[in-house]
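The listed protein sequences derive, respectively, from chains G and D.
Final position of the first sequence in UniProt numbering is 293; the numbers increase by one with none missing.
Final position of the second sequence in UniProt numbering is 241; the numbers increase by one with none missing.
Where a beta carbon is used, it is the ideal one built from N, C-alpha and C, also for glycine.
Data first, discussion second: the structure below is written as structure tokens.
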Amino acid sequence: MFSYCADPKTLEGLAWLSCYLTNGVHMKFYWSFVTVLVLLAITAPVALSFGFAGAMASRSHFPPLAWLGRIYTAMVRGVPDIAFFLFFVIALDQGLEWLRHHAMCPDWKEPIRQGANFLVCPEAKLPQSSAPQIWHEIYNASLAIFTFAIVFGAFAANVIYGAMNAVPKEQLETAHAYGMSNRQTFWRILVPQMWIYALPGLSNLWMILIKATPLLFLLGVQDIVYWARELGGSKTSVFAYPHPDWRLYYFLFLLVFYLAFTRVSEIALTRLTRKLSRGQATMAGEAQRKAAA
Amino acid sequence: MNKLILSTAVLAMTAGAALAQDVVRMGTEGAYPPYNFINDAGKPDGFEIELGNELCKRAELTCEWVTNDWDSIIPNLTSGNYDTIMAGMSITDERDEVIDFTQNYYPPTASAYAALDEGADLMGGVVAAQVNTIQSAYVAESGATLLEFATGDETVAAVMSGEADAVFADLDFLAPRVEENAELMWAGEQVPLGGGIGMGVRESDTELKAKFDAAITAMKEDGTLNAMLKKWFGDDTQTYE
């Protein structure tokens, strides 16, 4: 990074620290923060849409669809996150490869399961073993995002389902009295009003989602926890920057990062609540109206 | 959105397959210096990386390094996430039942105890070892209380913090730590363990195994392997005749 970093062995104090904190591995550490933020930015809307779909299905008048929605929320909510993560990522990966195997290699004679091995034909492997490492990482990250979305979608579905039921019945009855169809009532009356009831639950979920990101580490994604452990471990003179066990400081840094991140989220969510309360038939909306008058 | 990303990725990966063939994905732990580690530039480095690259060159293969946690390194080989393991893995009968090994590229050497005090209780105290290693199996049998950790570094940290009385690991893994850490010292006798370190491959990959075996034999014969061993483990390390 800096020109004076060429020979780290001769450096001391701040100069050493500045070189140490800007070497290649630390750059990877800093990038992993971006990775986590990007994963969150993708996961949150996907999970929300899963939740919305789940809630809509649960409210459906067509029984099989309603069962599907309810089974989804009940099942995922009842299984510990970690167990679900460890199981689902492997199951999804093997399931996709199994499907591709049967579609692409019908002539393959060998069994797929041979003892501990799960062997599909080379064309069916995901990603292809000849693919560059970046695709392997993207594939792993996609599996992780998908799994996160399913887990948090189930919780979101429950929250949104409750919020939809919380919208005063009179609102819907009035809409019907004006001649709106079921669909119009749902999209024009119910959905715009239900967000304010869903927000406390959803903001809670968002906080839990932020705090769940270290689960990525379990899935083999090189996230901030992975790098903190890797960089904090004691380093012998094989490394250019030897140091004793510094994991405490690295994990302290993660702690500060997560605290700051959740605090910023809290502030943003408080503002959003105030905005959504405007004009609503809730206590907060009522208070706003009185303050203005 | 998610499905879109996934299917785009799947498409791109399928398309890329036709372009590059014969990439051998080399699995390593990346946390066991000086055998294998992530260097300051963020790249895999160490004895096994240098050796692996040389073997690939001789066998005319294109190789790419992948890191994986030690604990799941064998399951991920058998499920095909990578094609070889070079991670300081000793050849044992137990592992040989699940995967295959090439001939060893690192001769059988001793394992050793390190502690804060020469008189540490090695047979009745608490001894730290990395999970799923020949050392952890040995400690479990020795009568000492076994304390297992995911990485080698954590086993040493446990001794430094007083959580364990001693750590039991490969001699060459502990040597630089004992040398550079004034508080840490050798304890007890060295214990010869394992059949040397070899490269792990799937049992079905006989052709790949033969290629690497031939390359290892060639490197043993022309002395380049011995030179590499001395470079990474010092002049006193065991070499091939």
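Neighbour flag for residue i against chain G, beta carbons, 8 Å
i        : result
D:Ile38  : yes
D:Met160 : yes
D:Pro44  : no
D:Arg25  : yes
D:Asn132 : no
D:Gly196 : no
D:Ala157 : yes
D:Ser111 : no
D:Asp83  : yes
D:Gly88  : no
D:Gly200 : no
D:Gln21  : Note that D:Gln21 scores 47 on pLDDT, short of 50, meaning its location in the model is unreliable and no value can be drawn from it.
D:Ala31  : yes
D:Ala41  : yes
D:Asp153 : yes
Minimum Cβ-Cβ distance from residue i to chain D less than 8 Å
i                      : result
G:Val25                : yes
G:Gln133               : yes
G:Phe118               : yes
G:Lys28                : yes
G:Lys109               : no
G:Ser130               : yes
residue 296 of chain G : Residue 296 of chain G is absent from the model: chain G starts at 1 and stops at 293.
G:Ala287               : no
Contact check, residue i vs residue j, beta carbons under 8 Å
i        : j        : result
G:Asn140 : G:Gly220 : yes
G:Ala240 : G:Pro8   : yes
D:Val178 : D:Leu116 : no
G:Arg77  : G:Ala154 : yes
G:Leu40  : G:Thr213 : yes
D:Gly80  : D:Cys63  : no
D:Ala31  : G:Glu230 : yes
D:Pro33  : D:Trp65  : no
D:Ile91  : D:Asn104 : yes
D:Tyr35  : D:Glu48  : yes
D:Pro176 : D:Ala110 : no
D:Ile74  : D:Ile38  : no
D:Gly27  : D:Ile85  : yes
D:Ala87  : D:Glu148 : no
D:Ala129 : G:Ser234 : no
G:Gln193 : G:Val167 : yes
G:Thr147 : G:Phe85  : yes
G:Gly162 : D:Gly42  : no
Where the beta strand (DSSP E) containing residue i begins and where it ends
i        : result
D:Leu147 : Thr145 to Phe149
D:Trp186 : Met185 to Pro192
G:Arg188 : Per DSSP, G:Arg188 belongs to no beta strand (DSSP E) and is neither H nor E.
D:Asp100 : Asp100 to Tyr106
D:Trp65  : Thr62 to Thr67
D:Phe168 : Ala166 to Asp170
Collapsed DSSP secondary structure at residue i in the structure displayed
i        : result
G:Ala83  : helix
D:Met199 : strand
D:Pro33  : coil
G:Cys121 : coil
D:Thr239 : coil
G:Val159 : helix
G:Gln128 : coil
G:Pro214 : coil
D:Ser90  : strand
D:Thr155 : helix
D:Asp222 : coil
D:Pro44  : strand
D:Ser136 : helix
D:Thr84  : strand
Residue i, enclosing alpha helix (DSSP H) - first and last residue
i        : result
D:Gln130 : Counting along the chain, D:Gln130 falls outside any alpha helix (DSSP H), though it belongs to the beta strand (DSSP E) covering Val126 to Gln130.
D:Arg25  : Segment Val23 to Thr28 is the beta strand (DSSP E) holding D:Arg25; no alpha helix (DSSP H) there.
G:Ser49  : Gly24 to Arg59
G:Tyr72  : Pro63 to Gly78
G:Val225 : Ile224 to Gly232
D:Tyr113 : No alpha helix (DSSP H) contains D:Tyr113, which is instead part of the beta strand (DSSP E) from Ala110 to Ala115.
Output needed in chain order: residues of the region 236-268 of chain G with a Cβ under 9 Å from some Cβ in chain D. Thr236, Ser237, Val238, Phe239, Ala240, Tyr241, Pro242, Pro244, Asp245 and Arg247
Note down, in chain order, all residues in the region 1-22 of chain G with a beta-carbon under 9 Å from any beta-carbon belonging to chain D. Going along the region 1-22 of chain G in chain order, one finds Pro8 and Tyr20 with a Cβ nearer than 9 Å to chain D.
Members of the region 49-69 of chain D that neighbour chain G once the beta carbon cut-off is set at 9 Å: Thr62, Glu64, Trp65, Val66, Thr67, Asn68 and Asp69
For the region 223-239 of chain D, which residues have a beta carbon sitting closer than 9 Å to at least one beta carbon of chain G? Trp232
Residues in the region 159-189 of chain D having any Cβ partner in chain G nearer than 7 Å: Hits within the stretch, in order: Met160, Pro176, Arg177 and Glu180.
Can you give me, in chain order, the residues of the region 221-236 of chain G that have a beta carbon less than 7 Å from any beta carbon in chain D? Per Cβ criterion, the list reads Glu230, Gly233, Ser234 and Thr236.
Could you please tell me which residues of the region 92-125 of chain D, in chain order, have their CB closer than 7 Å to any CB of chain G? Val98
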